[in-house]
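With the working numbering applied, the sequence shown covers 79 to 221. The beta carbon of each residue, even a glycine, is placed where N, CA and C say it ideally should be. Computed from a predicted structure; not experimentally measured.
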Amino acid sequence: MGKFSMSRFFGIDDDYETDEQQVEPSQEPTEPQSVVAKRPRHDNKVVSINAPRPGVNKISLYEPRLYSDVQEIASQLLANQAVIVNFSRIDDATARRIVDFLTGTVYAIDGDIERIGNPIFLCTPHNFEISGDLSASINETFK
């Protein structure tokens with residue numbers, strides 16, 4: 079470094095001392111640097127009411143007319159969806175066979191099956207909880 083003087087400090091110095099070091103450009107190739115573009119952060123607090131929400135449980139309604147309809151009902155249970163089955167349009171023997179099949183399906187998925195009406199059953203997978211008691215009111219209504 080050169081001498082320190084007041085005139086140089088204020089830029090009046092006519093004598094230019096150069097203490098610059100000669101920097102030679104390097105001959106090594108430089109690696110290109112990647113530039114990361116930042117995305118604007120959106121903190122939208124608005125949620126559409128009609129948009130599908132993750133984790134929403136669904137209840138499907140079925141009114142089987144043939145024994146083969148039980149496969150579709152069981153697939154709904156296997157997809158962790160509750161099912162309400164109305165047996166009013168099927169004969170009693172076929173309804174018993176369907177209930178037996180659904181009882182096995184519900185047992186396999188650790189679910190539950192309950193009678194909620196005279197010909198109506200509610201089948202739920204393990205992620206549903208059934209509370210309340212309808213048996214007293216069912217017996218009084220359908221005497």
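- Taking a contact to require three or more Cβ pairs closer than 8 Å, the region 135-144 and the region 158-176 qualify as touching.
- In the three-state reduction of the DSSP assignment, D169 falls in the coil class.
- Taking the Cα positions, D178 is about 16 Å away from Q154.
- With 16 or more neighbouring CB atoms inside 10 Å of its own CB, A173 falls in the buried class.
- By the C-beta density criterion, G182 is exposed, having fewer than 16 other C-beta atoms within 10 angstroms.
- Burial of A152 is indicated by the presence of at least 16 other C-beta atoms within 10 angstroms of its C-beta.
- Put simply, of N205, E150 and I198 the residue whose alpha carbon is nearest the alpha carbon of I162 is I198.
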